[in-house]
Amino acid sequence: MWLETVIAVVVGAILWRYLRQYAEYRRQYFILPGHDRYSYLYGSIKLYPGFNEEGLAFDMDTLKRHKYLCHWWAGPVTPVVSVYHPDSVHPVLKSSAPKPRSSFLVSFYDMGLPWLGEGLILSNGSKWAKSRRLLTPAFHFDILKPYMAVYNSCANTMLTKMEAFSVKEEAFELFDLIDKLALDVILQCAFSYQSDCQTSSDSSYTAAIVELVTLWGERTLSPLHFNDTLYKWSAKGKRFYELCKLTHQMSEQIIAKRIETLENADETELQKIVSKKTKDFLDILLLTRTDDKDALSPVEIRNEVDTFLFAGHDTTASGISWTLYSLTGHPEYQEKVYQEVKDVMGDRDTVQWTDLASLEFTTMCIKEAMRMYSTVPSIIRTLEEQLVIHGHRIPKGSMVAIQLWMLHHNPHVWEEPLTFDPNRFHPDKQCLMDPFQFLPFSAGARNCIGQNFALNEMKVTVAKTIKRFRLSLDPSHEVRQVPLITMKPENGLMIQASPR
Ligand code: HEM
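Residues 6 to 505, numbered by my numbering, are exactly what the sequence shown covers, in order.
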């Protein structure tokens with residue numbers, strides 16, 4: 006009898022807590038602009054068509070109805086406020102609000118912890134500050150300059166593969182080609198790791214990342230899987246953890262190989278690595294002395310390696326692929342990029358550091374592609390203080406989604422937002438933009454640490470590709486966007502390349 010009483014009391018207490026919280030949330034959030042229909046089981050999540058073209062059309066419709074922000078329910082008791090106008094995004098990013106952590110509200114970022122751990126993207130507070138301080142020097146100009154050789158040589162490998170298709174006049178899947186190029190680049194630059202990832206038939210790592218990102222995205226739309234224990238037991242959860250194991254094996258292999266190199270280095274070689282200005286990312290992690298207050302534990306090191314492997318290649322792969330795809334739909338802009346690249350590089354095949362600033366129109370096309378196909382479609386923060394935006398009170402503790410895709414397509418901010426027009430980013434026009442209107446790399450303290458690295462890699466790859474080939478889209482192929490953690494194409498991007 007006493008057992009039944011205890012169970013009844015516990016269940017009653019949980020229900021009571023939920024009901025009280027729900028009543029509180031209703032009072033605070035239903036007064037904000039938002040989606041009208043609400044389900045006691047799913048909140049408003051079922052209204053969202055999913056991470057696909059229909060989902061983007063839904064977002065466009067929301068933009069027309071609500072200019073600055075709206076609220077929606079990711080589950081029955083999970084209110085989220087979306088912001089997507091410079092006036093509503095600015096105060097959130099300026100407030101240094103942290104990334105969401107598990108609490109009464111589910112945390113979409115915590116869902117990535119089994120894979121990325123508390124690396125730079127997912128950590129907060131002093132842990133984040135320590136890693137950011139430690140790793141910022143890895144992105145200094147002096148370090149980035151020598152990477153030009155790596156961007157060029159990795160692009161050459163990719164272009165040789167493209168050439169093979171071109172000779173056979175065969176269409177090929179661009180995203181996969183670029184994904185492997187971007188992985189090759191980050192492995193060499195950040196980890197001094199030589200691999201055959203571009204030429205090998207083994208795609209298990211890049212395929213695992215695509216699947217992990219998809220599973221993570223799907224979980225955010227499935228309230229029944231919000232709970233970690235339930236998710237672990239589900240088929241999708243089991244697959245997610247299996248893939249995490251696979252990616253960890255890769256990062257552990259990279260770390261072990263570098264430790265071996267460092268251990269086998271004689272005193273003079275080691276001195277050269279320690280003192281050289283171009284100490285790479287992994288050397289910085291491994292060579293902080295154990296008595297240093299910034300020294301990282303082995304798990305912390307692995308978390309950072311997983312974080313940078315993912316963030317350092319999945320994003321640039323998306324940015325480069327969508328830029329090249331955009332140019333297939335606009336031969337006039339493709340021709341203009343070609344003329345510019347020819348003018349800047351002449352007969353050279355190698356893009357040099359000093360060329361980067363001269364590739365003005367190429368850069369405008371890259372920026373416009375990052376607006377149209379926003380590389381990272383949304384990011385999330387938790388408010389530490391209440392905010393009032395255009396008369397709307399967003400309570401302290403709210404989970405706020407900064408919808409970068411919506412910000413970049415807000416018709417109250419951009420003229421003809423669905424048209425690809427690189428001229429918007431002409432320096433004379435860009436300087437007139439609101440600084441919070443175009444944020445592919447986010448802004449504020451938690452902005453992208455790798456943005457210069459990424460832009461350089463993108464410029465080199467786009468310039469070299471367009472210099473060598475005229476690209477067109479396979480006419481039988483329908484392109485559909487999938488706005489997951491990064492913007493992906495649903496069935497790839499089937500492209501044809503003909504030599505210049
Ligand atoms: C086109 C390429 C890229 C885009 C569009 C991009 C975008 C972003 C965005 C939007 C954020 C904020 C994430 C958040 O608030 O949750 C971010 C953070 C971050 N990015 Fe990038 N990124 C790119 C390339 C890179 C590269 C190449 C690296 C590493 C080599 C990198 C490493 C990171 C890291 C570590 C963070 C977390 C920074 C922190 O919180 O201190 N990203 N990036």
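The beta carbon of each residue, even a glycine, is placed where N, CA and C say it ideally should be.
Residues that DSSP places opposite residue i in a beta bridge
i, result
"L74", "V88"
"G48", "S44"
"P504", "F474"
"I399", "L392"
"T387", "M404"
"M499", "E178"
"K493", "V487"
"G39", "H76"
Nonlocal neighbours in the same chain, by C-beta distance under 6 Å from residue i, ignoring five residues either side
i, result
"S403", "V86, L388"
"K372", "F430"
"K401", "L388, E390, Q391"
"S477", "T333, Q501"
"D439", "P91"
"Y198", "L192, I259"
"L287", "F196, R263"
"P445", "M375, T380"
"F441", "P91, V94, H95"
"A450", "S101"
Own chain residues within Cβ distance below 8 Å of residue i, not counting five before or after
i, result
"E216", "R244, L248"
"L489", "F56, V218, T219, W221, G222, P382"
"S447", "L98, V381, I384, I407, L409, C453"
"P119", "F245, Y246, C249"
Through-space distance from residue j to residue i, alpha-carbon basis
i, j, result
"I454", "M6", "59 Å"
"L149", "Y23", "51 Å"
"I12", "R25", "20 Å"
"S171", "S503", "6 Å"
"V356", "A468", "8 Å"
"K69", "Y343", "37 Å"
"L164", "E59", "34 Å"
"I19", "R137", "39 Å"
"V310", "L140", "12 Å"
"K472", "G396", "52 Å"
"R224", "K347", "46 Å"
"I259", "K104", "28 Å"
"E9", "V16", "10 Å"
"Y330", "N161", "19 Å"
"Y236", "L251", "19 Å"
"K341", "T328", "14 Å"
"N157", "D184", "15 Å"
"M65", "D360", "38 Å"
"F366", "E345", "7 Å"
"I385", "F113", "8 Å"
"F146", "L314", "20 Å"
"A261", "L121", "18 Å"
"I36", "N496", "40 Å"
"Y45", "P38", "19 Å"
"K49", "R42", "Checking the displayed sequence, the identity of residue 49 turns out to be Ser instead of Lys. Each residue's alpha carbon lies about 6 Å from the other."
"P378", "A270", "The residue asked about is misnamed: residue 378 is Tyr in this sequence, not Pro. Near 45 Å, if we compare the C-alpha coordinates of A270 and Y378."
Residues of its chain near residue i, where Cβ-Cβ distance is below 7 Å and the 5 sequence neighbours each way are ignored
i, result
"T368", "K464"
"T67", "C75"
"F63", "Y53, P54"
"K132", "E123"
"Y34", "H76, P84"
"S363", "V349"
"I126", "T312, A316"
"V72", "The sequence as given places Lys at residue 72; Val does not occur at that position. The answer, listed in chain order, is H90, H417."
"T491", "V218, D319, T320, S323, T380, V381"
"T211", "D184, K185, L188"
"L290", "L301, I306, E309"
"V279", "L292"
"S128", "S136"
"F144", "I454, G455, N457, F458"
"A176", "D479, M499, I500, Q501"
"V82", "Y23, Q26, Y27, Y30"
Near the ligand FMN: residue i beta-carbon under 7 Å from a heavy atom
i, result
"M375", "With respect to the ligand FMN, the structure shown offers nothing to examine, as its ligands consist of the ligand HEM."
CB contact below 8 Å: residue i versus chain B
i, result
"I19", "Among the chains in the structure shown there is no chain B, since it carries only a single protein chain."
Which residue spans inside the stretch 273-356 form an unbroken alpha helix (DSSP H) run of at least 4?
-> Entirely contained in the stretch 273-356, the alpha helix (DSSP H) runs reaching 4 residues are, in chain order, 286-292, 303-333, 336-350.
Can you check the stretch 434-491 for any beta strand (DSSP E) of at least 3 residues that lies completely inside it and give the ranges in chain order?
-> Complete beta strand (DSSP E) runs here, min 3: 474-478, 486-488.
Segments assigned alpha helix (DSSP H), at least 4 residues, entirely inside the stretch 214-262 | Fully enclosed alpha helix (DSSP H) runs of 4 or longer: 233-238.
Segments assigned alpha helix (DSSP H), at least 4 residues, entirely inside the stretch 107-137 = You should have 118-121.
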